[in-house]
Amino acid sequence: MSDAAETMTAYDLPVKVFETAELASRAAAGKIAEQIRARPAPGRCATLGLATGRTPLRVYEELVRNHRAGLSFANVVTFNLDEYHPIASTHPGSFRSFMKRHLFDQVDLRGDRCHLPDGSLGEAEVEACCRAYEAEIADCGGIDLQLLGLGRNGHIGFNEPGSRRDSRTRRVRLHPTTLADNARAFEDGKVPDGALTMGIGTILEARSILLLVLGARKARTLERMLGGPISRDLPASFLREHEHVEVLADRAAAAALS
Ligand code: GLP
């Protein structure tokens with residue numbers, strides 16, 4: 009991975025710092041493309057965990073460019089971290105709509121291999137849906153590479169502060185900061201108050217994790233995640249217990265790191 013301005017090793021997770029969000033996003037896309045090209049075991053697909061929000065936008069743009077230059081997604085399976093609940097999958101604010109807009113409809117991914125939790129289910133079906141999601145991940149042999157953004161309050165996926173390290177895919181209530189940060193995707197400003205999310209335990213089972221942190225608004229959270237205690241108060245801090253995590257940041261997000 010080229011273009012890194014520097015690698016900060018003062019923390020138990022090294023941080024690759026890039027001059028700009030564009031360079032950091034291009035590096036993240038390069039790691040994902042590498043994973044797709046790596047020949048998984050014969051007959052196995054490359055299994056990617058995907059994220060939504062503003063952070064991965066330029067990563068997906070770069071992956072679409074890679075596809076147009078010849079990178080095929082025909083042997084790729086994807087699992088998204090989360091989906092709002094309740095929400096119709098066709099709602100423009102749903103994460104499925106986000107993924108179709110920014111990636112799925114622009115590459116040769118097979119429709120039946122793009123998985124997100126189903127946000128349209130009634131309360132009574134949610135539990136079974138979450139268990140089925142975990143089983144689907146296991147049936148695919150687990151996730152090879154999980155892309156993550158960082159919530160401003162330290163969440164990963166929708167595992168809000170207070171989430172247990174051994175949590176699994178489940179329905180969660182969204183915190184006020186999360187509702188505020190995500191309101192832009194809902195014209196009427198009405199963000200669903202809940203979501204179905206992979207748990208922290210689920211995320212930590214990925215064989216490798218790529219955490220991308222961009223922008224000054226994440227600088228304090230990144231510093232707390234790396235320099236503070238490993239705790240439920242900042243769920244992203246549990247990533248420090250994983251053997252294969254790469255943290256990519258732009259200069260603005262790394263500004264509070266020593
Ligand atoms: C949402 C998503 C997270 C994402 C976070 C940060 O809560 N569920 O996966 O990391 O927002 O979003 P952004 O990248 O827009 O800052």
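The opening residue of the sequence shown carries number 9 in my numbering; numbering runs sequentially from there. Note that beta-carbon positions come from the ideal geometry of N, C-alpha and C, so glycine has one too. Remember, it's a predicted structure, so these values are computed and weren't measured experimentally.
How big is the Cα-Cα spacing for residue i and residue j?
{"i": "Tyr19", "j": "Leu220", "result": "16 Å"}
{"i": "Leu31", "j": "Asp258", "result": "8 Å"}
{"i": "Arg109", "j": "Val72", "result": "11 Å"}
{"i": "Arg52", "j": "Ala146", "result": "13 Å"}
{"i": "Pro50", "j": "Val23", "result": "33 Å"}
{"i": "Ala37", "j": "Gly223", "result": "18 Å"}
{"i": "Gly130", "j": "Glu91", "result": "14 Å"}
{"i": "Asp120", "j": "Ser266", "result": "45 Å"}
{"i": "Asp196", "j": "Glu251", "result": "42 Å"}
{"i": "Thr17", "j": "Thr98", "result": "43 Å"}
{"i": "Arg240", "j": "Glu70", "result": "34 Å"}
{"i": "Pro48", "j": "Arg179", "result": "32 Å"}
{"i": "Glu135", "j": "Leu234", "result": "33 Å"}
{"i": "Leu21", "j": "Arg215", "result": "16 Å"}
{"i": "Thr15", "j": "Phe87", "result": "29 Å"}
{"i": "Phe106", "j": "Pro64", "result": "11 Å"}
{"i": "Arg118", "j": "Val253", "result": "28 Å"}
{"i": "Lys39", "j": "Glu133", "result": "36 Å"}
{"i": "Ala193", "j": "Ala13", "result": "33 Å"}
{"i": "Gly149", "j": "Pro200", "result": "32 Å"}
{"i": "Ala29", "j": "Ala41", "result": "18 Å"}
{"i": "Asp189", "j": "Arg62", "result": "10 Å"}
{"i": "Pro100", "j": "Ala263", "result": "34 Å"}
{"i": "Gln43", "j": "Ala191", "result": "33 Å"}
{"i": "Met9", "j": "Leu153", "result": "Only weak support is given to the placement of Met9: the predicted model assigns it a pLDDT of 47, under 50, and the value that follows is read from those uncertain coordinates. Distance between the alpha carbons of Met9 and Leu153: 16 Å."}
{"i": "Cys122", "j": "Arg66", "result": "19 Å"}
{"i": "Ile151", "j": "Ala260", "result": "30 Å"}
{"i": "Ala143", "j": "Phe103", "result": "21 Å"}
Is residue i near ligand 1, going by C-beta to nearest heavy atom under 6 Å?
{"i": "Asp90", "result": "yes"}
{"i": "Ala188", "result": "no"}
{"i": "Thr63", "result": "yes"}
{"i": "Gly51", "result": "no"}
{"i": "Ala59", "result": "yes"}
{"i": "Phe106", "result": "no"}
{"i": "Gly165", "result": "yes"}
{"i": "Gly149", "result": "no"}
{"i": "Gly159", "result": "yes"}
For residue i, name the three-state secondary structure that DSSP assigns.
{"i": "Ala203", "result": "strand"}
{"i": "Ala54", "result": "strand"}
{"i": "Ile208", "result": "helix"}
{"i": "Tyr141", "result": "helix"}
{"i": "Leu155", "result": "strand"}
{"i": "Lys24", "result": "strand"}
{"i": "His163", "result": "coil"}
{"i": "Asp174", "result": "coil"}
{"i": "Ala59", "result": "coil"}
{"i": "Asn88", "result": "strand"}
{"i": "Ile40", "result": "helix"}
{"i": "Ala260", "result": "coil"}
Given a cut-off of 7 Å on the beta-carbon distance, is the pair residue i and residue j in contact?
{"i": "Val85", "j": "Thr55", "result": "yes"}
{"i": "Thr177", "j": "Thr229", "result": "no"}
{"i": "Pro237", "j": "His163", "result": "no"}
{"i": "Met206", "j": "Leu89", "result": "yes"}
{"i": "Leu58", "j": "Leu182", "result": "no"}
{"i": "Arg139", "j": "Phe246", "result": "no"}
{"i": "Ala96", "j": "Leu256", "result": "no"}
{"i": "Ser318", "j": "Ile217", "result": "Because the chain here runs from 9 to 266, residue 318 falls outside it and cannot be looked at."}
{"i": "Leu111", "j": "Tyr68", "result": "yes"}
Please check the pair residue i and residue j, which I expect to be a contact at CB under 8 Å, by giving their CB distance rounded to whole angstroms.
{"i": "His93", "j": "Leu204", "result": "5 Å"}
{"i": "Asp116", "j": "Ala77", "result": "Contact flag wrong, Cβ pair sits at about 13 Å."}
{"i": "Arg225", "j": "Thr185", "result": "Wrong, their Cβ atoms sit about 11 Å apart, outside the cutoff."}
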